[in-house]
Structure formats: C-alpha cells, structure tokens
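One structure is given below, encoded as structure tokens.
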Amino acid sequence: MLRAFLLLFVAGTTTTQRIPTAKIESFPVSGQAGQTLLVEVNADNTSPDAGEHKIAVFDPAAKSLASSLGEDTGLNWMRRLVVSGNYRVQNACPGPKPYALRVTLLDANDPRLDPVVRPEQISIVDPGHRITWSQKGFSPVVLEVSDFGPAHWKSEGGTLEIAVLPLEGVRKTWWIGNAGPKAVARLEAALQGKGGIDPHGLPGDLNSDAALTFATQARRIEAPGLRAVRWLGNYDQSDTSPITPLTYAVDGITSDGKLLVVARGTAGHRALPKDVLDLEGARLRDYRRQTGQRLDGEAASSFSPDLEKLDAIVRSIRVR
Numbered sequence: 278m279l280r281a282f283l284l285l286f287v288a289g290t291t292t293t294q295r296i297p298t299a300k301i302e303s304f305p306v307s308g309q310a311g312q313t314l315l316v317e318v319n320a321d322n323t324s325p326d327a328g329e330h331k332i333a334v335f336d337p338a339a340k341s342l343a344s345s346l347g348e349d350t351g352l353n354w355m356r357r358l359v360v361s362g363n364y365r366v367q368n369a370c371p372g373p374k375p376y377a378l379r380v381t382l383l384d385a386n387d388p389r390l391d392p393v394v395r396p397e398q399i400s401i402v403d404p405g406h407r408i409t410w411s412q413k414g415f416s417p418v419v420l421e422v423s424d425f426g427p428a429h430w431k432s433e434g435g436t437l438e439i440a441v442l443p444l445e446g447v448r449k450t451w452w453i454g455n456a457g458p459k460a461v462a463r464l465e466a467a468l469q470g471k472g473g474i475d476p477h478g479l480p481g482d483l484n485s486d487a488a489l490t491f492a493t494q495a496r497r498i499e500a501p502g503l504r505a506v507r508w509l510g511n512y513d514q515s516d517t518s519p520i521t522p523l524t525y526a527v528d529g530i531t532s533d534g535k536l537l538v539v540a541r542g543t544a545g546h547r548a549l550p551k552d553v554l555d556l557e558g559a560r561l562r563d564y565r566r567q568t569g570q571r572l573d574g575e576a577a578s579s580f581s582p583d584l585e586k587l588d589a590i591v592r593s594i595r596v597r
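When we follow this note's numbering, the leftmost residue of the sequence shown carries the number 278, and every step to the right adds one.
Listed below in structure tokens is the structure:
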C-alpha cells in the first residue's frame, strides 16, 4: 500500500490543502498530555463514486487510538491525549481529489471545549418559570446537518429555548468556508444600528436543518446585558407559505463581547393560516412580501404571546 509522509508540526491549528499523492497520507504531531487532538477533513464526497476518507491516529507506542466521536472517522477524529509525545495522524484517501486537512491541538480552556461561564453566572427573569441549564459538549462541524458546535449551556423549563455559547468557539468551530467568522460578522453588523436587519445567515442558524423562508418583525434589542436582533420567521425544508405560529428568534452578543446568546420560541398571529396555502412561484413570493409588510406593522400585543413579553425575557439576560 502506497504511503506518503508529510512532515507537519502543529502548534494550535494547521490547515493544509492537499492533493493526494498516495493512498495513505501520514504525518507526525507532537502533543502534550491533557491536550485534545482534533483532526478534520473537508472533501467533496458528494458524487456516488467519490468514496470516503478515513482518519486514524497512532500514539507514541504506535498503538491505534479510537476517536471519542465514535466509529465514523470519515470527516473528523477527536480524543484527549493521555501521554505526551509524538503521535501519527493518518488519512486514507479514496482518490486523487483535493481535500482540506485541519489539525488542531486544543488546550482544556479552548473556547470550543470550555463554555467559559458557569450556569450560576447566567440570570434570566422569566415569570412563572424555573430555568435550569444543561451543558452540551463540543462537537466538530461536519458537512451533513448535525447538532454540532462549541461546548455551551442550554436552558430547560423556560418560555424560550436559550443557548449561551463562547463567541470565539463559534468562530473556530465552523471553519469550512469560513462560515463561523462570516456569521459572527453579519451579526455584529446587524447590531450596529444602521439600516435594516437581514436575519439570514446569522450564527444561530449555522447548523439548522431548515431554511428561513419568511421573516418579519425584525427589531434590535438593547439591554444592559446584551445587544441582540429579534425577528419572527418561518423555517422550512421546502418552499411553502408561512403558517402560524412563527418562530420567535433572537441572536445576540453579551455586553462583554465574549458570548453568543441564541433564543428560540414561537409566536402566533391571526393573520396567518394554520395550514400551508397552495401557492408557488411569483404568487408565493408576492404573498410572502405582502404578508411580511402587514405583520411588520402589527402591534406587539396582537401576537400570541405578546412580543413585548418575550422581548422582556431577552432584555433581562445577564451574565456576571
């Protein structure tokens, strides 16, 4: 079996664009005990005959290590290193197609592994509800839709579903196509208070399995604890008309600039049907435009629940 050795010294993150010269490409990585080794591949595996990459890692004793992510190592491999020394990363290539290889050594306080805050530092006023928090671990980005992202806290029991994520972790996790930094930049631009608000392509939807096909009631929220943008949207996997209830959506950044806050809920309105209408093409586009304009002019109290009450929950968010 042909094997190519690529000498690659990793400090932090190294990304290389590869054109395979052999069936197996291999290179050394010097890691320290306590660090987490993350190997990621971005390749075009969309054609039926493309095949899949296969990542393997060997410890200083040349023993093959299992990934903490499971048995599927076609796109990524991750594990905390137990001993210091020289490791070997190996990638079995399905063919001569180019691919990107990204190798990272993460320290324990890396914003992808460390949610940065503790739940007792997060306070939210949500009348009548007791909010608890559960920690979600880091899951590296893959090409397919999945529940991935940096380690973060997710609320349970409240009116809204709220996630608090390290902003730098968002930037670093979604590296393919620079998607994370671009989404954060779009949110930062939307928070500037100049011009209209486009809710498409913001960080909260980076791993969504549905597209935002309709949006209305886009507003900025200014509060002592965060700045955010809020909108109502219809998220759909197909090209259909909006129905009630809509998704109440918020993406914001805490006042210290370190954390992303994503909130999702629902809000209904009598002007929207409960079932999808038989519309397509120009008729569907006109309906969305006219409905969006109408709803944008409606009072917050005409929605159920009242949008002001939902906004008040968001304004109450504090991170100490």
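Even for Gly, the Cβ is constructed at its ideal location relative to N, Cα and C.
* **Residue burial classification, Ser432 (beta-carbon count within 10 angstroms, cutoff 16)** => Indexing the sequence shown from 1 puts residue 432 at position 155. Burial call: buried.
* Asked: Run through DSSP, which three-state label would Leu284 get?
  -> Walking along the sequence shown from the start, residue 284 turns up at place 7. Per-residue confidence for Leu284 stands at a pLDDT of 45, beneath the threshold of 50, marking its modelled position as unreliable; the derived number appears in the next sentence. It is coil, neither helix nor strand.
* **Reduced DSSP secondary structure (H/G/I, E/B, other) of Glu317** => Looking up residue 317 in the sequence shown gives position 40. Looking at Glu317 - three-state DSSP - the assignment turns out to be strand.
* **Residues near Gly478 in its chain [Cβ-Cβ closer than 8 Å; skip 5 each side]** => Within the sequence shown, numbered from 1, the residue matching residue 478 stands at position 201. Closer than 8 Å at Cβ, skipping near neighbours: Lys459, Ala460 and Arg463.
* Beta-carbon separation of Ile498 and Arg595 under 8 Å? -> Position 221 of the sequence shown holds residue 498. Position 318 of the sequence shown holds residue 595. Contact: no.
* Close beta carbons around Ser344, own chain, < 7 Å, minus the five adjacent residues each side -> Counted from its first residue, the sequence shown places residue 344 at position 67. Hits under 7 Å: Thr350, Trp354, Met355 and Arg356.
* Please confirm if the segment 514-525 is in contact with the segment 556-570, defined as three or more CB-CB distances below 8 Å between the two stretches. => yes
* Asked: Hey, would you say Leu537 sits closer than 8 Å to Leu390, going by beta carbons?
  -> In the sequence shown, counting from the first residue as 1, residue 537 sits at position 260. In the sequence shown, counting from the first residue as 1, residue 390 sits at position 113. No, these two residues do not count as a Cβ contact at 8 Å.
* Give the straight-line distance between the Cα atoms of Asp336 and Tyr364, rounded to the nearest whole angstrom. => Mapped onto the sequence shown, residue 336 falls at position 59. Mapped onto the sequence shown, residue 364 falls at position 87. Taking the straight line joining both Cα atoms gives about 5 Å.
* Going straight from the alpha carbon of Gly296 to that of Pro388, what length do you get? -> Taking the first residue of the sequence shown as 1, we reach residue 296 at position 19. Taking the first residue of the sequence shown as 1, we reach residue 388 at position 111. It should be pointed out that residue 296 corresponds to Ile in this sequence rather than to Gly. Cα to Cα, the separation comes out at about 31 Å.
* To do: Specify, as a first and last residue, the run of the beta strand (DSSP E) that Gly362 falls within.
  => Translated into the one-based positions of the sequence shown, residue 362 becomes position 85. First-last of the beta strand (DSSP E) with Gly362: Gly362 to Ala369.
* **Ala310 versus Gln294, His330 and Ala385, residue with shortest Cα-Cα distance** => As a first step, residue 310 must be located in the sequence shown, where it is residue number 33. Ala310 has its Cα closest to that of Ala385, out of Gln294, His330 and Ala385.
* Extent of the continuous alpha helix (DSSP H) to which Thr450 belongs -> Here residue 450 refers to the residue found at position 173 of the sequence shown. From DSSP, the alpha helix (DSSP H) with Thr450 extends over Leu444 to Thr450.
* Pairwise C-alpha distance: Asp482 and Asn511 -> Counting from one through the sequence shown, the residue named residue 511 turns up at place 234. Counting from one through the sequence shown, the residue named residue 482 turns up at place 205. Approximately 13 Å between the Cα atoms of the pair.
* DSSP beta-bridge partners for Phe335? -> Here residue 335 corresponds to residue number 58 of the sequence shown, with the count starting at 1. According to DSSP, which records beta bridges pairwise, Phe335 is partnered with Ser341 and Arg365.
* Whole-angstrom distance between Ala526 and Gln567, CA atom to CA atom -> As a position in the sequence shown, residue 567 is number 290, starting the count at 1. As a position in the sequence shown, residue 526 is number 249, starting the count at 1. Spanning the two alpha carbons is a distance of roughly 21 Å.
* To do: Under 8 Å by Cβ, that's how I've got His330 and Val316 pegged, so tell me the actual separation to the nearest angstrom.
  => Counting from one through the sequence shown, the residue named residue 330 turns up at place 53. Counting from one through the sequence shown, the residue named residue 316 turns up at place 39. 10 Å between Cβ atoms; not a contact.
* **C-alpha gap between Arg280 and Val334, whole angstroms** => For the purposes of this step, residue 280 is taken as the residue at position 3 of the sequence shown. For the purposes of this step, residue 334 is taken as the residue at position 57 of the sequence shown. Confidence is the limiting factor: at Arg280 the pLDDT is only 49, short of 50, which leaves the residue's position unreliable and the question unanswerable from this model.
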